[in-house]
Structure formats: C-alpha cells, structure tokens
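> Counting from 4, one number per residue, gives the positions in the sequence shown under the numbering used here. For each residue, glycine too, the CB sits at the ideal point set by N, CA and C. For reference, the structure I am asking about is given below.
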Amino acid sequence: MAREKEAERAADAEGTPERSYREQLDFLNPIARPLASRKLTRKLYKCIRKAAKHKQIRRGVKEVQKFINKGEKGITVLAGDTQPIDVYCHIPIMCEDRSLPYAYVPSKSDLGAAAGSKRPTCVIMIKPHEEYQETYDECLEEVGALPLPL
C-alpha cells in the first residue's frame with residue numbers, strides 16, 4: 004500500500020514539471036501590475052524564506068488585510084495567478100493608501116512554497132527583522148522602484 008502511494012507521487016511529480024518564469028506569465032491576471040522581474044522574484048522568495056524562518060511573515064488575505072489596517076509596515080507580495088481576482092483585488096489599494104510597497108509574483112504555489120508551506124498562498128507580507136535586514140532593504144528598494152499601475 005505504501006509503495007503504491009510512493010509510485011503515485013512519483014508519477015504525479017513527473018506529470019507536473021516545474022514551470023519556468025516565462026510559462027508562468029501566461030497565467031497572470033489582468034491586474035497583476037507591478038510585476039516583479041525574474042531576478043526580483045527570486046530575491047523576494049529568498050527574503051520570504053528567511054522571514055518565515057524567523058516567523059516574520061503574514062500569510063493569507065485575511066491576515067494581511069488585518070495587519071495593514073492595524074498599520075503594520077512591510078513588503079506585500081501578491082500572486083499574479085490567483086482566480087477569481089475579487090478575492091484580493093482590494094489589497095493593492097489598501098497598500099497604496101498607506102504607502103506600503105507591493106509587487107506581484109507569477110505563481111501562488113511558488114509563493115506558498117517560499118513561505119514553507121505545501122499550500123499555495125495568494126498574499127504574503129514580509130515584516131522587517133534585523134536577521135535578514137540587508138536582503139529586506141534590497142527588496143524594499145527594488146519593489147519601491149517599480150512603477151505603480153495607472
């Protein structure tokens with residue numbers, strides 16, 4: 004029984020190979036602006052991994068929305084392939100009202116994996132912390148430099 008499950012998992016893994024950045028761009032929402040470049044996306048995932056290690060992330064629409072309303076500062080990272088967009092389309096507006104930097108990345112499954120979860124997630128807020136301050140500042144600078152949508 005256990006061997007059968009292992010064989011099924013191996014078959015599933017072979018059947019769904021990792022998609023490249025270019026392939027993920029095909030599944031983006033129309034509101035996914037400003038979109039992080041491939042290089043910035045990797046930096047954001049790295050920063051999320053470090054923040055998750057120190058328990059300095061907020062994950063999910065409900066939690067991120069609550070802490071944005073409370074006035075917490077950080078970088079908000081949204082997944083560009085979330086359907087329906089009604090689930091989280093208000094988050095960028097909240098970020099703009101409070102002058103918080105935000106960016107979209109192409110994949111919610113990669114975003115969830117970077118946070119140390121098997122479950123995909125559509126919104127993560129990275130809070131600053133001295134352990135990974137250099138990486139955080141780099142990401143903050145680059146996300147802040149991205150052009151805001153009209």
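Terminal residues of the continuous alpha helix (DSSP H) containing valine 64?
Within the sequence shown, the letter at position 61 stands for residue 64. Looking at the DSSP string, the run of the alpha helix (DSSP H) that includes valine 64 is 64-72.
> What are the start and end residues of each continuous alpha helix (DSSP H) run of 4 or more residues lying completely inside the segment 19-60, in chain order?
Qualifying alpha helix (DSSP H) stretches, in chain order: 24-27 and 41-56.
> Within 10 Å of its beta-carbon, does alanine 39 have 16 or more other beta-carbons around it, so buried, or fewer, so exposed?
Along the sequence shown, one-based indexing puts residue 39 at 36. Classification of alanine 39: buried, given that the 10 Å Cβ count is 16 or more.
> If serine 107 sits next to alanine 35, beta carbons under 8 Å apart, how far is it from one beta carbon to the other, in whole angstroms?
Counting from one through the sequence shown, the residue named residue 107 turns up at place 104. Counting from one through the sequence shown, the residue named residue 35 turns up at place 32. The displayed chain sequence assigns tyrosine, not serine, to residue 107. Between alanine 35 and tyrosine 107 the Cβ distance is about 4 Å, and since that is below 8 Å, they are a contact.
> Nearest to lysine 58 by alpha carbon, out of Glu141, Glu26, Gln68 and Glu133?
Mapped onto the sequence shown, residue 58 falls at position 55. When each option's Cα is compared against that of lysine 58, the closest is Glu133.
> Roughly how many angstroms separate the alpha carbons of isoleucine 129 and tyrosine 48, rounded to a whole number?
Counting from 1 along the sequence shown, the entry for residue 129 is found at position 126. Counting from 1 along the sequence shown, the entry for residue 48 is found at position 45. Roughly 10 Å between the two C-alpha positions.
> State the DSSP-derived secondary structure class of leucine 114, mapped to helix, strand or coil.
Locating residue 114 in the sequence shown gives position 111, counting from the first residue. Helix, per DSSP.
> For my contact list, isoleucine 60 and isoleucine 51 are in at a C-beta cut-off of 8 Å; report their separation, rounded to the angstrom.
Stepping through the sequence shown from its first residue, residue 60 is reached at position 57. Stepping through the sequence shown from its first residue, residue 51 is reached at position 48. Right, their Cβ atoms sit about 6 Å apart.
> With a Cβ-Cβ cutoff of 8 Å, do leucine 81 and valine 126 count as a contact?
Taking the first residue of the sequence shown as position 1, residue 81 is located at position 78. Taking the first residue of the sequence shown as position 1, residue 126 is located at position 123. Yes, these two residues count as a Cβ contact at 8 Å.
> Measure the alpha-carbon distance for lysine 73 versus methionine 97 and round it to whole angstroms.
Numbered from its first residue, the sequence shown carries residue 73 at position 70. Numbered from its first residue, the sequence shown carries residue 97 at position 94. Approximately 11 Å, taken between the alpha carbons.
> With burial defined as no fewer than 16 other Cβ atoms inside 10 Å of the residue's Cβ, what is the status of leucine 104: buried or exposed?
Walking along the sequence shown from the start, residue 104 turns up at place 101. A quick correction: the sequence has proline, not leucine, at residue 104. Proline 104 comes out buried.
> For the beta strand (DSSP E) holding threonine 79, just list the boundary residues, first then last.
Translated into the one-based positions of the sequence shown, residue 79 becomes position 76. Element bounds for threonine 79: 78-82.
> Of the residues Pro152, Arg122 and Lys69, which one's Cα is nearest the Cα of glutamate 99?
Position 96 of the sequence shown, counted from the start, is the residue given in the question as residue 99. Among Pro152, Arg122 and Lys69, the Cα nearest to that of glutamate 99 is on Pro152.
> Going by CA-CA distance only, name the one from Lys56, Asn32, Pro95 and Thr79 that's closest to threonine 44.
If you number the sequence shown from 1, residue 44 lands on position 41. Of the listed residues, the one whose Cα sits closest to threonine 44 is Thr79.
> So which of Pro150, Asp29, Arg62 and Gln136 has the shortest CA-CA distance to alanine 116?
Taking the sequence shown and counting its residues from 1, one reaches residue 116 at position 113. Alanine 116 has its Cα closest to that of Arg62, out of Pro150, Asp29, Arg62 and Gln136.
> Buried or exposed: glutamine 86, going by 16 or more other Cβ atoms within 10 Å of its Cβ?
Locating residue 86 in the sequence shown gives position 83, counting from the first residue. Label assigned to glutamine 86: exposed.
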